[in-house]
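The structure appears below as structure tokens.
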Amino acid sequence: MSTDLRTRDPATPPGPLPSRRHARSRAALALAVVTVGLVLAVPVAISVGTVAVPVDEVWRIVGVNLFGDPADLDPIRNQIVWDFRTPRVLLAAVTGAGLSVAGVCLQALVRNPLADPYVLGVSSGAALGAVLVLTFGSAALAGASVAAAAFVSALATLAAVFLLAQRSGRLAATRLVLAGVAVSYLATAATSYVQLRANPNELRGIMFWLLGSVAGANWGQLGIPAAVIAVTMVWLILQGRALNALATGDESAAALGVGVHRLRLMLLAVSALLTAVSVAVAGGVGFVGLMIPHMVRFVIGPDHRRVLPLSALGGALFLVLVDLGTRAVDPPNEYPLGVFTAAIGAPFFLWLLRRNARGAVT
Numbered sequence: 001m002s003t004d005l006r007t008r009d010p011a012t013p014p015g016p017l018p019s020r021r022h023a024r025s026r027a028a029l030a031l032a033v034v035t036v037g038l039v040l041a042v043p044v045a046i047s048v049g050t051v052a053v054p055v056d057e058v059w060r061i062v063g064v065n066l067f068g069d070p071a072d073l074d075p076i077r078n079q080i081v082w083d084f085r086t087p088r089v090l091l092a093a094v095t096g097a098g099l100s101v102a103g104v105c106l107q108a109l110v111r112n113p114l115a116d117p118y119v120l121g122v123s124s125g126a127a128l129g130a131v132l133v134l135t136f137g138s139a140a141l142a143g144a145s146v147a148a149a150a151f152v153s154a155l156a157t158l159a160a161v162f163l164l165a166q167r168s169g170r171l172a173a174t175r176l177v178l179a180g181v182a183v184s185y186l187a188t189a190a191t192s193y194v195q196l197r198a199n200p201n202e203l204r205g206i207m208f209w210l211l212g213s214v215a216g217a218n219w220g221q222l223g224i225p226a227a228v229i230a231v232t233m234v235w236l237i238l239q240g241r242a243l244n245a246l247a248t249g250d251e252s253a254a255a256l257g258v259g260v261h262r263l264r265l266m267l268l269a270v271s272a273l274l275t276a277v278s279v280a281v282a283g284g285v286g287f288v289g290l291m292i293p294h295m296v297r298f299v300i301g302p303d304h305r306r307v308l309p310l311s312a313l314g315g316a317l318f319l320v321l322v323d324l325g326t327r328a329v330d331p332p333n334e335y336p337l338g339v340f341t342a343a344i345g346a347p348f349f350l351w352l353l354r355r356n357a358r359g360a361v362t
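In the UniProt record's numbering, the protein residues as written are 1 to 362.
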């Protein structure tokens, strides 16, 4: 009998070395499949709409706008593809990535797969802050101020959920979910009151936005969320070993040299920031941060260094396909993103909650 004496990384989830090599292979394959799927889904999503545009023409229009002279293009087709649909699809991808990564952060923070910006009420809190600015603020307060208000409100909501869910310094899964539901209802009630005070001419737009929509996307909306997600992704991947250590417990993580308290505070801020910028541009889109990270872990394992990039790409692909579905199911009508994500995510959440109650989820 031979013994494998190769050194193990103490911050890597335990398991035999061959199985970890297999996990790396599966992660690489999954990353390639999701990346190819996203590259194929984006032009298809851009091509679908009231005016259908062939996929090859979509590529040509995008290429000319990037590297050529758009004056050579048909102005109507160019406006449809480049000005309207391309930023919409890209914003859906960015939002999906942001919400999925926020879910990974929250699940690492509380060591519970039920954690999600929507389930814990963070999305509702962010929406309240954004709606306050949209309703009572002037036009000059649009843009970054909406994201800032959403961030402050999301952070306050998350802190309230944690305070309500703690018992003897511990976070129980059931209490966490119940606290999230309670705080979410409070935030939703406050948002409804704000809507009653809103200008009737703006009410329908606010309602549609609250249910999740990227229909009015433009190029100017992409900058802030894309930059936030890029910066936070780099930081999170660099913290991958620390996140893996945190998953083993606070004492084990501290023994490995992880600053547990500081890391938790940073994860709290990052998850609130990602949720805020996503809600600010796309409204209330639920369950993305619950479903995608859980499915990713099921396929490639719990190592955050692999879970994070694949969750971001998976969330982007998922929301691009959902946005495509909102336009394709009943043309020329469109439906809010949140209707579709809730229809998919609510059964998934109930299934996961049932597994958790049986002790199958840790």
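All C-beta atoms in this analysis are idealised placements derived from N, C-alpha and C, irrespective of residue type, glycine included.
Annotated three-state conformation of residue 195 is helix, per DSSP. Note that the C-beta distance between residue 123 and residue 248 is not below 8 Å. Scanning 180, 189, 309 and 268 for the CA closest to the CA of residue 35 turns up 309.
Shown here, residue 79 sits in a helix according to DSSP, grouped into three states.
Residue environment: residue 304 is assigned as buried (16 or more neighbouring CB atoms within 10 Å of its CB, all protein chains considered). In the DSSP annotation of this structure, the continuous segment of the alpha helix (DSSP H) that includes residue 298 starts and ends at 288–300.
Residue 299 is a Cβ neighbour of residue 26, given a cutoff of 8 Å.
Rounded to whole angstroms, the separation of the alpha carbons of residue 163 and residue 180 is 11 Å.
Sequence-distant Cβ neighbours of residue 150 in its own chain, meaning closer than 6 Å and more than five residues away, are 126, 129, 130, 276, 279 and 280. 8 Å or more divides the Cβ of residue 91 from the Cβ of residue 176. Here residue 239 carries a coil assignment [DSSP, helix/strand/coil]. For the alpha helix (DSSP H) assignment, the uninterrupted runs of no fewer than 4 residues enclosed by the region 31–74 are, from N- to C-terminal side, 55–67.
Note that the C-beta distance between residue 256 and residue 108 is not below 8 Å.
Annotated three-state conformation of residue 111 is coil, per DSSP. Here the alpha carbon of residue 186 sits roughly 10 Å from the alpha carbon of residue 192. Cβ atoms of residue 95 and residue 285 come within 8 Å of each other, at about 6 Å. Residue 312 sits away from residue 161, with the two beta carbons spaced by 8 Å or more.
Following the DSSP letters along the chain, one finds residue 132 inside the alpha helix (DSSP H) bounded by residues 122–136.
Secondary structure at residue 99: helix, using DSSP grouped into helix, strand and coil. When rounded, the separation of the alpha-carbon atoms in residue 22 and residue 31 is 14 Å. Shown here for residue 236: same chain residues with a beta carbon closer than 8 Å to its own, the five before and five after excluded, namely 101, 104, 105, 243, 270, 304 and 308 in chain order. Here the region 324–337 makes contact with the region 37–48; the two share three or more CB pairs at distances below 8 Å. For residue 180, the three-state secondary structure derived from DSSP is helix.
Of 343, 272 and 70, the smallest CA-CA separation from residue 153 is found for 272. Sixteen is the threshold: when 16 or more other Cβ atoms of the shown chains lie within 10 Å of the Cβ of residue 217, as they do, the residue is buried. For residue 335, the CB contacts under 6 Å within the same chain, skipping 5 residues up- and downstream, are 326 in chain order. Under the criterion of beta carbons closer than 8 Å, residue 88 and residue 53 do not qualify as touching, at roughly 13 Å. Bounds of the alpha helix (DSSP H) holding residue 326 are 304–328.
Shortest Cα-Cα distance from residue 283 to any of 197, 221, 230 and 344 involves 221. If you look at residue 205, you'll find it in the alpha helix (DSSP H) that goes 200–210.
Boundaries of the alpha helix (DSSP H) around residue 264: 260–282. Taking the Cα positions, residue 262 is about 10 Å away from residue 268. Around the CB of residue 219, fewer than 16 other CB atoms lie within 10 Å, so the residue is classed as exposed.
Counted as a single uninterrupted DSSP element, the alpha helix (DSSP H) harbouring residue 251 occupies residues 250–255.
In terms of Cβ geometry, residue 349 and residue 287 form a close pair [threshold 8 Å].
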